[in-house]
Ligand code: GDP
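In the numbering used here, the protein residues as written are 98 to 237.
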């Protein structure tokens, strides 16, 4: 067990559904603390850069268009085993396969619009946190 930081994004579909607070409550109720947070609209270049590892995938264009379709909330979450804990709270990428009670089961309908992003490893978390936040913006 170790204290970690991870990057979360509340995606445009969840912001449109007005469930930002419900998603934050789920993080807080499960031992994750908000260490940094901002609401913003991603530029096309930002969305492409953030998801660069998927650029050869057939869904890349749709993913980028979705991520710039409205504001997102970008968060650093901190806590014991924050990376895995956040992935467990999110549920499977495809909401139809997500465990009941997970964020994607509760708030998403499709794999294209699946409510949240979460870093999938320590390496990704470090890259993704630095992508959106300066060190001075993150509470220890
Ligand atoms: P995640 O780590 O659970 O978010 O999943 P991945 O890293 O595999 O994929 C990144 C994101 O790409 C997912 O959250 C989806 O928003 C999107 N995605 C994955 N597969 C598909 C797909 O088949 N179609 C579309 N449109 N988007 C997809």
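Virtual Cβ for every residue (Gly too), placed ideally from N, Cα, C. Owing to the predicted nature of the structure, the values given are computational and were not obtained by experimental measurement.
Taking 8 Å as the cut-off, the Cβ atoms of residue 181 and residue 127 do not count as close. Around the beta-carbon of residue 211, 16 or more other beta-carbon atoms lie within 10 Å, marking it buried.
Between residue 131 and residue 215, the alpha-carbon positions lie close to 14 Å from each other.
Rounded to the nearest angstrom, the gap between the Cα atoms of residue 163 and residue 177 is 31 Å. Proximity of the beta carbon of residue 211 to ligand 1 is indicated: a heavy atom of the ligand is located closer than 7 Å. Counting along the chain, the unbroken beta strand (DSSP E) around residue 174 starts and ends at 169-177.
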